[in-house]
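Colleague: One structure, pasted below without further comment.
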Amino acid sequence: MSCFSCISSHRKIEDSTRIPRSSSSRYSNDDSSESGRGKAVSLDGSENGRRRASFNGRDKDRNIPTSTTARSFTFRELASATKNFKSSNLIGEGGFGRVYKGRLDTGQIVAVKQLDQNSLQGNQEFIVEVLMLSLLHHPNLVNLIGYCTDGDQRLLVYEYMPMGSLEDHLFDLSSDQETLDWNTRMKIAVGAAQGLEYLHCKANPPVIYRDLKSANILLDNDFNPKLSDFGLAKLGPVGDNTHVSTRVMGTYGYCAPEYAMSGKLTLKSDIYSFGVVLLELITGRKAIDFTKVREEQSLVAWSRPFLRDRKKFVQLADPLLQGRFPLRCYHHAVAITSMCLQEQPNFRPLIRDIVVALEYLASQPYKPGTHNTRGPRSTPPPSPSRREGSAFSREPDGTSKNNSNENAFSGSSAKNSRFSASGSIDEFPNGQILPTPNLIVFSFAELRSATRNFKPDTVLGEGGFGKVFKGWIDEKTYAPSKIGSGMVVAVKKLNSESMQGFEEWQSEVNFLGRLSHPNLVKLLGYCWEDKELLLVYEFMQRGSLENHLFRRISSMQPLSWSIRLKITIGAARGLAFLHSSEKQIIYRDFKASNILLDGHFNAKLSDFGLAKNGPSGGDSHVTTRIMGTYGYAAPEYVATGHLYVKSDVYGFGVVLLEMLTGLRALDTNRPSGQHNLVDWLKPSLLDRRKLIRVMDQRLEGQYPSKGAVQAAQLTLKCLAPESKNRPSMKEVVEALEQIQAIKFIPKESRTPSSTRPATGHHRHSQHSVHQRSPLHSMHGGAAAGHRAYPHSPNAIQR
């Protein structure tokens, strides 16, 4: 649930493709490599753009980089180190050859991997291994000490890893061997993920590991993991492109389905394999185990029914753990595993988001007697730092740092980046971006009960996504409660026929699960069971701003000038918070119906299904599918698909215009030429006299003219045709606060001798001014309908 959205797939494992078996030997290093933290490298033969590895030109299959950090050994030196490759020194073997324990003349203990001379595959793997490990350096990657290419001999030398592989500690344990506890398993998962993140995010181009499995995760004395065996690694394609291989290579049970079936290889293929390793850590079962009955031989296939039902999550737990794990963190770990094992690669999370989530789980260690067994409720993660709103981000090398100007997340599944809060801590003191989602996992039965089986009279609104229902849950246990008791919530239920809705559901969980700000609606939790996708929000008593501006209900009082300003300032602060992070979050659907109001008319932005992670600086995000709402979408976005942070500012300007006039952004019931509010009334904002005529008549003149003029000027700036000419949302907030400070003094109060309240004649005079407005007959607009938590019917999809 990036949480990540917990999405499970329903695929039968195919075993039709023969996959060559690779080495499962144990070898690696015991330190952090020369860099200690990992460094960016270019794998086109250069490191940091400076060093290019050259190849001797004798034999294409045996070319070894002559410019590497690895030492060149003679065969005699390695024969001496291993006592002539004595059988008692043999510590592993596989498709590549054999691995021996040895001691160099310096006294250093090493693992020496000797290529089987009859293995053509082994020779190719040898070349790749030397090339990769000579350029890649990270604490969670094996360190190559050296190699040997004497004659036909091909050997690799690594530092010895005394604890062997993860495989050795999970399966077929001896009677005197201790089981890995939960905390150690999470430590290993985090380290392995950090190593994979380095390959995917720091190497240039990215490296596809292609053979991630428990046998290739080696452990030092402190159970720090290191990825080994890079013989199958490939340089990955850029972006979402795939590398197509005519020879599928990897290990049965770990290969992603799209790779095993078609040879299509992407970074997300590694994510699937990582999900299998996570599943092994959780269950203690092998990815493939032919000693079990046929239905249980494939771990992934066997686990599918359990991964689809959170009530069965606990049945996956390794019996050797004996229930000694924090249940809430355990459920999150299973959810992450489920996401990694998605059949569709683009539904799998990015490794950087996996690392962030696992780091949080590892920070919540199991302590006997301190963890309850209530169920899969998410415990609130710690604040990124002692100071709310402070920045937190992670480097691909696994280190953490505090930042003052960092930025946020990608709504695009292909670009989901890690969260970090912005440097504007002082400006938005109550906002923060959590390192991991803080969400409650509901069952479908619980939400069905909370909404009285989704009874029609509990419907709050509906739209392209589906319907929103009013429900009741217990404030402490979150279990369904009786009508009128407990906490009121809004339950949004996805229309199962809506593919757009599924994408929005996923984006909503990703964004609102991590974002916390007084002016963003709070997502309490979610439900995913089979095809049922639901979201649970805090209930907003006064519905949407749209209801109060456009619906004509006798019991609903018109919004006063001060309330309108309060709402716009709150909405502006929420939007400014989204824009304040490094890769600003582009809301993309700012409109009156998405601004919800609590009992005190505090505004909160809702509906993050269309949100996207923005580009840095003034660059644009280009999308091939335009999505938003007619009348609110910025002209550059509608015309070209170019999406900027300032595109949101345009949408805010439209809402400001609605606030001033009381008219809808788009209303086809108005006369021709007046359908689009901006096109129709934007010129009137330039003239003070015309402005009076377009102001909402329901204000009855009860507003400061100076404030109205400044609000109109701000609206014009937000609606500037070119995005670069629009103000930032921080500037908008400051301008609105200045307008709010302008006090309205009724005309009667301006005469010191007058102490009488407004007369009927004065009220008539104010009203008569507005009767000259050509807008009066149009103020009602179209019927607003029942839309407290709506998706607009004017949504653009192209």
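Numbering (UniProt numbering), first residue to last: 1 to 798.
By construction, the Cβ of each residue, glycine as well, lies at the ideal position given by its N, Cα and C atoms.
Considering only the alpha carbon of each residue, which of Cys-718, Arg-294, Val-733 lies closest to residue 810?
Modeller: Since the displayed the chain opens at 1 and closes at 798, residue 810 lies outside it and no answer follows.
Colleague: When you compare each of Asp-220, Glu-700, Asn-676, Gly-570 to Met-729 by their alpha carbons, which one comes out closest?
Modeller: One-based indexing of the sequence shown puts residue 729 at position 729. Taking only the C-alpha atoms, the option nearest Met-729 is Gly-570.
Colleague: Using the Cβ count rule (16 or more neighbours within 10 Å means buried), how would you classify Leu-320?
Modeller: Taking the sequence shown and counting its residues from 1, one reaches residue 320 at position 320. By the 10 Å Cβ count, Leu-320 comes out exposed.
Colleague: Measure from the alpha carbon of His-358 to the alpha carbon of each residue in Asn-453, Ala-193, Ile-288, Gly-471, then state which is nearest.
Modeller: Stepping through the sequence shown from its first residue, residue 358 is reached at position 358. Strictly speaking, residue 358 in this sequence is Leu, with His absent from that position. Here the closest residue by C-alpha is Ala-193.
Colleague: Going by DSSP, what residue range makes up the alpha helix (DSSP H) through Arg-352?
Modeller: Position 352 of the sequence shown, counted from the first residue, corresponds to residue 352. Residues 351-362.
Colleague: If you reduce the DSSP assignment to three classes, tell me which class Arg-693 lands in.
Modeller: Residue 693 sits at position 693 when you count from the first residue of the sequence shown. Helix at Arg-693.
Colleague: Thinking C-beta only, is Leu-316 closer than 8 Å to Thr-283?
Modeller: Position 283 of the sequence shown, counting from 1, holds the residue named residue 283. Position 316 of the sequence shown, counting from 1, holds the residue named residue 316. Yes, Cβ-Cβ distance for Thr-283 and Leu-316 is below 8 Å.
Colleague: First and last residue of the alpha helix (DSSP H) that includes Glu-734?
Modeller: Here the question's residue 734 lines up with position 734 in the sequence shown. Taken as a continuous stretch (DSSP letters only), the alpha helix (DSSP H) holding Glu-734 covers 729-740.
Colleague: My guess is that Met-540 and His-548 are in contact by the Cβ rule of under 8 Å, so how many angstroms apart are they, rounded?
Modeller: Here residue 540 refers to the residue found at position 540 when the sequence shown is read from its first residue. Here residue 548 refers to the residue found at position 548 when the sequence shown is read from its first residue. 12 Å between Cβ atoms; not a contact.
Colleague: Decide if Ser-72 is buried, meaning its Cβ has at least 16 other Cβ atoms within 10 Å, or exposed.
Modeller: As a working note, residue 72 is residue 72 in the sequence shown. Counting Cβ neighbours within 10 Å, Ser-72 comes out exposed, since fewer than 16 surround it.
Colleague: Leaving aside the five residues before and after Gly-191 along the sequence, list all residues of the same chain whose C-beta is less than 7 Å from its C-beta, in chain order.
Modeller: Residue mapping note: residue 191 aligns to position 191 of the sequence shown, counting from 1. Excluding positions up to five away in sequence, the list reads Asn-140, Asn-224, Pro-225.
Colleague: Return the bridge partner residues of Val-441 from the DSSP annotation.
Modeller: Here residue 441 refers to the residue found at position 441 when the sequence shown is read from its first residue. Bridge partners of Val-441: Tyr-526.
Colleague: Helix, strand or coil for His-332 per DSSP?
Modeller: In the sequence shown, counting from the first residue as 1, residue 332 sits at position 332. His-332: helix per DSSP, three-state reduction.
Colleague: Would you be able to state if there are at least three C-beta pairs under 8 Å between the stretch 483-498 and the stretch 463-472?
Modeller: The stretch 463-472 is in contact with the stretch 483-498.
Colleague: Terminal residues of the continuous beta strand (DSSP E) containing Phe-469?
Modeller: Taking the sequence shown and counting its residues from 1, one reaches residue 469 at position 469. Its beta strand (DSSP E) spans residues 466-473.
Colleague: Buried or exposed: Glu-167, going by 16 or more other Cβ atoms within 10 Å of its Cβ?
Modeller: Here residue 167 refers to the residue found at position 167 of the sequence shown. Buried.
Colleague: In the DSSP output, which residue or residues are listed as bridge partners for Lys-113?
Modeller: Within the sequence shown, residue 113 is the residue found at index 113, counting from 1. Answer is Val-99, Leu-156.
Colleague: Along the chain, which unbroken stretches of the alpha helix (DSSP H) at least 4 residues long are found entirely within the stretch 541-571?
Modeller: Within the stretch 541-571, the complete alpha helix (DSSP H) runs of at least 4 residues are 545-550.
Colleague: Thinking C-alpha only, which one of Ile-563, Ala-79, Leu-180 is nearest Leu-736?
Modeller: Mapped onto the sequence shown, residue 736 falls at position 736. Nearest of Ile-563, Ala-79, Leu-180 to Leu-736, Cα basis: Ile-563.
Colleague: Nearest-angstrom Cα distance between Phe-85 and Leu-267?
Modeller: Here the question's residue 85 lines up with position 85 in the sequence shown. Here the question's residue 267 lines up with position 267 in the sequence shown. Spanning the two alpha carbons is a distance of roughly 37 Å.
Colleague: Are the Cβ atoms of Met-163 and Asn-221 separated by less than 8 Å?
Modeller: Here the question's residue 163 lines up with position 163 in the sequence shown. Here the question's residue 221 lines up with position 221 in the sequence shown. Contact: yes.
Colleague: Using a 10 Å radius around the Cβ and a threshold of 16 neighbouring Cβ atoms, would you call Gly-195 buried or exposed?
Modeller: Along the sequence shown, read from residue 1 onward, the residue named residue 195 stands at position 195. Looking at its Cβ environment, which holds 16 or more other Cβ atoms inside 10 Å, Gly-195 is buried.
Colleague: Return the Cβ separation of Leu-691 and Ala-708 in integer angstroms, given the expectation that the two are a contact with Cβ distance under 8 Å.
Modeller: Your numbering for residue 691 matches position 691 in the sequence shown. Your numbering for residue 708 matches position 708 in the sequence shown. That pair is a contact at about 6 Å.
Colleague: Quick check on Ser-54: does DSSP put it in helix, strand or coil?
Modeller: On the sequence shown, position 54 is the one that residue 54 refers to. With a pLDDT of only 32 at Ser-54, under 50, the local geometry of the prediction cannot be trusted, and no value is derived from it.
Colleague: Which word fits Leu-686, buried or exposed, when buried means at least 16 other C-beta atoms lie within 10 angstroms of its C-beta?
Modeller: Start at 1 with the first residue of the sequence shown, and residue 686 comes out as number 686. Answer is exposed; the Cβ neighbour count stays below 16.
Colleague: So, is Gln-114 buried or exposed, given that buried needs 16 or more other C-beta atoms within 10 angstroms?
Modeller: Within the sequence shown, the letter at position 114 stands for residue 114. With 16 or more Cβ atoms within 10 Å of its Cβ, Gln-114 is classed as buried.
Colleague: For Glu-475, does the count of other Cβ atoms within 10 angstroms reach 16, so buried, or fall short, so exposed?
Modeller: One-based indexing of the sequence shown puts residue 475 at position 475. Label assigned to Glu-475: exposed.
Colleague: Does the distance from the CB of Asn-340 to the CB of Tyr-254 come in under 8 Å?
Modeller: The sequence position of residue 340 within the sequence shown is 340, counting from 1. The sequence position of residue 254 within the sequence shown is 254, counting from 1. Checking the displayed sequence, the identity of residue 340 turns out to be Cys instead of Asn. Result no, Cβ atoms of Cys-340 and Tyr-254 do not sit closer than 8 Å.
Colleague: For Ala-260 versus Val-276, is the C-beta distance shorter than 8 Å?
Modeller: Taking the first residue of the sequence shown as position 1, residue 260 is located at position 260. Taking the first residue of the sequence shown as position 1, residue 276 is located at position 276. Cβ distance not < 8 Å, so Ala-260 and Val-276 don't count as in contact.
Colleague: DSSP on Leu-212, reduced to helix/strand/coil?
Modeller: In the sequence shown, counting from the first residue as 1, residue 212 sits at position 212. Three-state DSSP puts Leu-212 in coil, outside helix and strand.
Colleague: With DSSP as the reference, label Leu-166 as helix, strand or coil.
Modeller: Looking up residue 166 in the sequence shown gives position 166. Three-state DSSP puts Leu-166 in a helix.
Colleague: Under 7 Å Cβ to Cβ from Leu-657, same chain only, skipping five residues before and after it: list those, please.
Modeller: As a first step, residue 657 must be located in the sequence shown, where it is residue number 657. If we look at Leu-657 and ignore the five residues flanking it on each side, its Cβ neighbours are Leu-677, Val-678, Leu-681, Thr-715.
Colleague: Check for me: the alpha helix (DSSP H) holding Leu-460 runs from which residue to which?
Modeller: For this step, residue 460 is matched to residue 460 along the sequence shown. Here Leu-460 belongs to no alpha helix (DSSP H); instead the beta strand (DSSP E) covers 459-462.
Colleague: Quick one: what does DSSP say Arg-71 is sitting in, helix, strand or coil?
Modeller: Residue mapping note: residue 71 aligns to position 71 of the sequence shown, counting from 1. Three-state result, Arg-71: strand.
Colleague: Out of Tyr-360, Val-99, Asp-696, Glu-129, state which residue places its alpha-carbon closest to the alpha-carbon of Phe-230.
Modeller: In the sequence shown, residue 230 corresponds to position 230, counting from 1. Looking at the Cα atoms, Glu-129 is the closest of the given residues.
Colleague: Less than 8 Å between the C-beta atoms of Phe-590 and Gly-651, yes or no?
Modeller: Sequence index remark: in the sequence shown, residue 590 carries index 590 (1-based). Sequence index remark: in the sequence shown, residue 651 carries index 651 (1-based). Their beta carbons are under 8 Å apart, which means Phe-590 touches Gly-651 by this criterion.
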